[in-house]
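Residue numbers (our numbering): 2 to 248. Glycine residues also receive a C-beta, built at the ideal position from the N, C-alpha and C atoms. What follows is a short report on a single structure.
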């Protein structure tokens, strides 16, 4: 009797599982077919191997997004937690926190350095060195938190902040540097870290345009991921960036 009951239950589970699998395969195939039908000519109709504008995602991403939508959880959930842990592992840091944009990441980082619970923090009207070539969201968070951005000229070869110009702008009111790695180009991190340590400054790395770029450390010439040198590093998955999660 027990064996028969177990066998029947097992068969029921297997049947249900098979049914769910078939349903899953069906909708995945339908969505994949629809995607390919609409976008099969995206690259074929271009005359260059790397067209100037194309979708930064494809069939796999569309199916993954649909999987998440079907869970009914459209805010922080298990997939976000997995992404945070995986991202931290990839860049080589203990923790990563996902927010809605790189702009918000900058805002949180600046808010954190003004937190009086930190042993070393910024106070209202403290000066923060910012490269003259950057995005508005590297500057506005400073103003929002009562800090004063001091613009520093850049190296014309890389469009990144010039270490020589940082030295020229250094003053007693300067408490931090907002370092922006422009278009995948690394700032001279060996020289920047010497500057940061010499004056005991806080460092935020805006790495929104340079996910995946490296620089060498100041001791061993070992490569280290940009965004992991400072007190905080911010990254972005905006539509036009290297990897996107949408907007």
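Next on the checklist: Quick check on DSSP: helix, strand or coil for residue 165?
Outcome noted: Taking the chain shown and counting its residues from 1, one reaches residue 165 at position 164. Three-state result, residue 165: helix.
Checklist entry - Does the stretch 173–191 come close enough to the stretch 202–209 that 3 or more CB-CB pairs lie under 8 Å? => result yes
Checklist entry - Is the number of C-beta pairs between the stretch 98–118 and the stretch 234–248 that are closer than 8 Å three or more? => result yes
Checklist entry - To the nearest angstrom, how far is it from the Cα of residue 110 to the Cα of residue 162? => result Here residue 110 refers to the residue found at position 109 when the chain shown is read from its first residue. Here residue 162 refers to the residue found at position 161 when the chain shown is read from its first residue. For residue 110 and residue 162, the distance between alpha carbons rounds to 20 Å.
Item to check | Same chain, Cβ closer than 6 Å to residue 160, five either side skipped, listed in chain order | outcome: Along the chain shown, read from residue 1 onward, the residue named residue 160 stands at position 159. The answer, listed in chain order, is 134 and 183.
Checklist entry - Taking the beta strand (DSSP E) that residue 205 falls in, what are its first and last residues? => result On the chain shown, position 204 is the one that residue 205 refers to. Its beta strand (DSSP E) spans residues 203–207.
Checklist entry - In terms of alpha-carbon separation, which member of 75, 232, 223 and 245 lies closest to residue 120? => result In the chain shown, counting from the first residue as 1, residue 120 sits at position 119. Nearest C-alpha to residue 120: 232.
Item to check | Cβ-Cβ separation, residue 227 to residue 216 (assumed contact under 8 Å), whole Å | outcome: Your numbering for residue 216 matches position 215 in the chain shown. Your numbering for residue 227 matches position 226 in the chain shown. 6 Å between Cβ atoms; contact.
Next on the checklist: To the nearest angstrom, how far is the alpha carbon of residue 81 from that of residue 88?
Outcome noted: As a working mapping, residue 81 is identified with position 80 in the chain shown. As a working mapping, residue 88 is identified with position 87 in the chain shown. Using only the alpha carbons, I get a separation of about 10 Å.
Item to check | Assumed close pair residue 153, residue 143 - CB separation to whole angstroms, cut-off 8 Å | outcome: In the chain shown, counting from the first residue as 1, residue 153 sits at position 152. In the chain shown, counting from the first residue as 1, residue 143 sits at position 142. Residue 153 to residue 143, Cβ: 13 Å. No contact.
Next on the checklist: So, with DSSP's three-state summary, where would you put residue 174?
Outcome noted: In the chain shown, counting from the first residue as 1, residue 174 sits at position 173. Residue 174 falls in the coil class under three-state DSSP.
Checklist entry - Excluding sequence positions up to five away, which residues of its chain have a Cβ less than 7 Å from the Cβ of residue 60? => result As a first step, residue 60 must be located in the chain shown, where it is residue number 59. For residue 60, where only same-chain residues beyond five positions count, the Cβ hits under 7 Å are 33, 36 and 37.
Checklist entry - With 16 other CB atoms within 10 Å as the buried threshold, where does residue 230 fall? => result By 1-based counting over the chain shown, the position of residue 230 is 229. Buried, by the Cβ-count rule.
Checklist entry - Hey, out of 118, 63 and 136, whose CA is closest to residue 247's CA? => result To locate residue 247, count along the chain shown from 1; it is residue 246. When only C-alpha atoms are compared, the closest one is 63.
Item to check | With 16 other Cβ atoms within 10 Å as the buried cut-off, status of residue 76 | outcome: Against the chain shown, residue 76 aligns to sequence position 75. Classification of residue 76: exposed, given that the 10 Å Cβ count is below 16.
Item to check | Selection from 197, 189 and 199 that minimises the alpha carbon distance to residue 222 | outcome: Residue mapping note: residue 222 aligns to position 221 of the chain shown, counting from 1. Looking at the Cα atoms, 189 is the closest of the given residues.
Checklist entry - Are residue 118 and residue 170 touching if we call contact CB-CB under 8 Å? => result Here residue 118 refers to the residue found at position 117 of the chain shown. Here residue 170 refers to the residue found at position 169 of the chain shown. Their beta carbons are not under 8 Å apart, which means residue 118 does not touch residue 170 by this criterion.
Checklist entry - In the structure shown, what three-state DSSP assignment does residue 122 receive? => result In the chain shown, counting from the first residue as 1, residue 122 sits at position 121. Of the three classes helix, strand and coil, the one that applies to residue 122 here is coil, per DSSP.
Checklist entry - According to the neighbour-count rule (16 or more other Cβ atoms, all chains shown, within 10 Å of its Cβ), is residue 71 buried or exposed? => result On the chain shown, residue 71 is found 70 positions in, with the first residue counted as 1. So residue 71 ends up on the exposed side.
Checklist entry - Below 8 Å between beta carbons: does that hold for residue 164 and residue 193? => result Position 163 of the chain shown, counted from the start, is the residue given in the question as residue 164. Position 192 of the chain shown, counted from the start, is the residue given in the question as residue 193. Yes, these two residues count as a Cβ contact at 8 Å.
Checklist entry - Alpha carbon to alpha carbon, what distance is there between residue 65 and residue 174? => result Taking the first residue of the chain shown as position 1, residue 174 is located at position 173. Taking the first residue of the chain shown as position 1, residue 65 is located at position 64. Computed Cα separation, rounded: 49 Å.
Item to check | Unbroken beta strand (DSSP E) run spanning residue 153, endpoints | outcome: Looking up residue 153 in the chain shown gives position 152. Element bounds for residue 153: 149–153.
Item to check | Cα-Cα separation between residue 11 and residue 84, rounded to whole angstroms | outcome: Numbered from 1 along the chain shown, position 10 holds the residue referred to as residue 11. Numbered from 1 along the chain shown, position 83 holds the residue referred to as residue 84. Because the pLDDT of residue 11 is 35, which lies under 50, any placement of that residue in the model is unreliable, and the number read from its coordinates should be weighed accordingly. Each residue's Cα considered, the two are about 35 Å apart.
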